[in-house]
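*Asks:* Starting off with a structure, shown below.
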Amino acid sequence: MLKKIITTAFVLLTFVIYSVHQRGETTSIVPSVSQTTKQTTATATDASSSNTTSMNQAMTSHMATYKDGSYTGSSADAYYGYIQVKAVISGGQLTDVQFLQHPKDQRNSVEINNYAMPILKQQAIKNQTAQVDGVSGASDTSQAFVQSLGDALSQAKA
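First residue of the sequence shown: 28, per the working numbering; consecutive thereafter.
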């Protein structure tokens, strides 16, 4: 009988600790939807630091151009779902990245992706490559984005 009580207490305590941890992790990593626009603008501004700018300019000047058209990347696992993008090439340059698929069945996934996707898209267009800085708090989304866009851009190589 005592074993059952101790086991039940342990399971309940573990659940409570896990719940508190998940709640704290969600609120500290993912901004509220109302803050998304402000933080996206701030992150984009931060990303244009002098080191990043000079590296991007050097990369852009030595890059091969792409064949015009639309290229769909492979679907890449982002843990809670899949990311798939389409790269739009015009004038030999990456001009748009469209998200064809992304995790959207859980509230946390929706918040993370609403925050991360515009930043990843902006970085890719600016860098003209799939090699972008990961978005803090959205590492699975960032990695899947790089994989899918990389596949699309490899199809577009001139």
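C-beta atoms are modelled at their ideal positions from N, C-alpha and C, and glycine is treated no differently. No experiment lies behind these values; they were computed from the predicted model shown.
By DSSP, does Y107 sit in helix, in strand, or in coil?
*Replies:* It is coil, neither helix nor strand.
*Asks:* Using the three-state DSSP reduction, which class does Q150 fall into: helix, strand or coil?
*Replies:* Q150 sits in a helix when the DSSP states are folded into three classes.
*Asks:* Less than 6 angstroms between C-beta atoms, sequence neighbours within five positions excluded: which residues of the same chain meet that for S169?
*Replies:* G161, V162
*Asks:* Can you say whether F42 is buried or exposed, counting buried as having 16 or more other CB atoms within 10 angstroms of its CB?
*Replies:* exposed
*Asks:* Should V100 be labelled buried (16 or more other beta-carbon atoms within 10 Å of its own) or exposed?
*Replies:* Note on identity: in this sequence residue 100 is Gly, with Val being the wrong assignment. G100 is buried by the Cβ-count criterion.
*Asks:* Rounded to a whole number of angstroms, what is the C-alpha to C-alpha distance between N154 and Y142?
*Replies:* 19 angstroms
*Asks:* For T156 and L121, what's the separation of their Cα atoms in angstroms?
*Replies:* For T156 and L121, the distance between alpha carbons rounds to 8 angstroms.
*Asks:* Can you tell me where the beta strand (DSSP E) with Q125 in it begins and where it stops?
*Replies:* Per DSSP, the continuous beta strand (DSSP E) segment holding Q125 begins and ends at 120-128.
*Asks:* Would you call the CB atoms of A105 and A179 closer than 7 angstroms?
*Replies:* no
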